[in-house]
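Encoded as structure tokens, the structure appears first; notes follow it.
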Amino acid sequence: GAFNHPLTSDRCTSPAVRAMIQEWLAVAPHLVMYEYYAGHYRWMVPWDVTDVLAADVAYYATFTHYGRRIEGSEFENHPQWATGGLNMYAYARLLWDATEDVNDIRERWYRDLFGVAGEAVRAYFGAAKAAAHRLDGECFTGEPAAVTTVFTPDVLETMARELARARTLADSDAVRARIDYLAWGLRYTQLEVDVMGCRQRGDLTAELEALRAMLKFADQVPPGAVQGWLIHLGYDGRERNLPKRIEKLQ
21 GAFNHPLTSD RCTSPAVRAM IQEWLAVAPH LVMYEYYAGH YRWMVPWDVT DVLAADVAYY
81 ATFTHYGRRI EGSEFENHPQ WATGGLNMYA YARLLWDATE DVNDIRERWY RDLFGVAGEA
141 VRAYFGAAKA AAHRLDGECF TGEPAAVTTV FTPDVLETMA RELARARTLA DSDAVRARID
201 YLAWGLRYTQ LEVDVMGCRQ RGDLTAELEA LRAMLKFADQ VPPGAVQGWL IHLGYDGRER
261 NLPKRIEKLQ
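Its first residue numbered 21, the sequence shown is counted upward by one per residue in the numbering used here.
As structure tokens, this is what we get:
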């Protein structure tokens, strides 16, 4: 499926995935879905996909074919709590109870972690979510180049403003520390947009500098915020290594 369309929709790859599920259930008595909601490698950006998660888990919970059911789902993820913590929290709760209201799940996360600053944090994540859903005709399946389509300069500016507002509203050192942790995810996103934008424009000199900044960031980011060693792997077609890409550009 796609990050902006659930499996129950008729958009993107959803119909093909539903057909594949039916084919597997015709021959397999036990089926577990292996999902990539967190994206891969350089799609570790702050994007709320909880609505898609809720729709997909509800579909898994009720779908039957040939009298057989989907037994469970596994959500591949890497340590990227600064960008995907909300999605991981929501997915765990939905697997426990597929009928739980996803709006309640989100509000609990914002309230319990950020208190009075939760409203601004909600707006921070919501800016990227809204940008993706405005591009309804697109199908975002994790391709790195899509970050420049979703995270435009205006969207990034709004996100930075809302995160700064959240820090101002924070009423404790613990909440401020959590917001500072989220800021690592925003910085990663800004760097990712720089790298992909340079590559799309064919500006090799600028791309080289952007890649160097990305690798420096990878060595500084706190554990679990955005996975630094995954950034080192990179994403350049068949060449999955940023240091090699830098050497090639030099």
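C-beta: ideal position from N, C-alpha, C; glycine also.
Each residue's CA atom was taken as its position, placing Arg113 and Glu94 some 13 Å apart.
Contact between Thr103 and Pro66 holds, with the beta-carbon distance rounding to 4 Å and staying under 8 Å. Here the C-alpha atom of Trp129 lies approximately 40 Å from the C-alpha atom of Val47. For Met53, the enclosing beta strand (DSSP E) starts and ends at Leu51 to Glu55.
Under the Cβ criterion (8 Å, minimum of three pairs), the stretch 137-151 counts as touching the stretch 176-191. Of the candidates Leu73, Thr28 and Val52, Leu73 places its Cα closest to the Cα of Arg126. Between the stretch 229-247 and the stretch 196-212, the count of C-beta pairs closer than 8 Å reaches three or more; the two stretches touch. Residue state for Ser93 is assigned as strand, using DSSP reduced to three classes. A residue is called buried once 16 or more other Cβ atoms fall within 10 Å of its Cβ, and Val195 is buried on that count. Straight across, the Cα-Cα distance linking Thr82 with Glu91 is about 11 Å. Around the Cβ of Asn107, a 10 Å sphere holds 16 or more other Cβ atoms; the residue is buried.
With contacts defined as CB atoms closer than 8 Å, Arg38 and Leu27 qualify as a contacting pair. For Gly138, the uninterrupted alpha helix (DSSP H) run begins and ends at Gly138 to Arg154, by DSSP.
Non-local beta-carbon contacts of Arg31 in its own chain, meaning distances under 6 Å to residues more than five positions away in sequence, involve His25 in chain order.
Excluding five sequence positions before and after Ala118, the CB atoms of its chain that fall closer than 7 Å to its own CB belong to Val77, Ala78 and Ala81, given in chain order. In the assembly as shown, Tyr111 is a buried residue. Its beta-carbon has 16 or more other beta-carbons within 10 Å. Going by beta carbons, Val122 and Thr168 fall outside the 8 Å limit. Per DSSP, reduced to three states, the secondary structure at Thr70 is helical. Apart from sequence neighbours up to five positions away, the residues of its chain that approach Gly135 with a beta-carbon distance below 7 Å are Asp191 and Val195, ordered along the chain. Excluding its 5 nearest sequence neighbours in each direction, Leu133 has C-beta neighbours in its own chain below 7 Å: Arg198, listed in chain order. With respect to the C-alpha of Trp101, the residue from Met40, Phe171 and Asp200 having the closest C-alpha is Asp200. Taking 8 Å as the cut-off, the beta carbon of Asp68 is found no closer than this to the beta carbon of Phe171.
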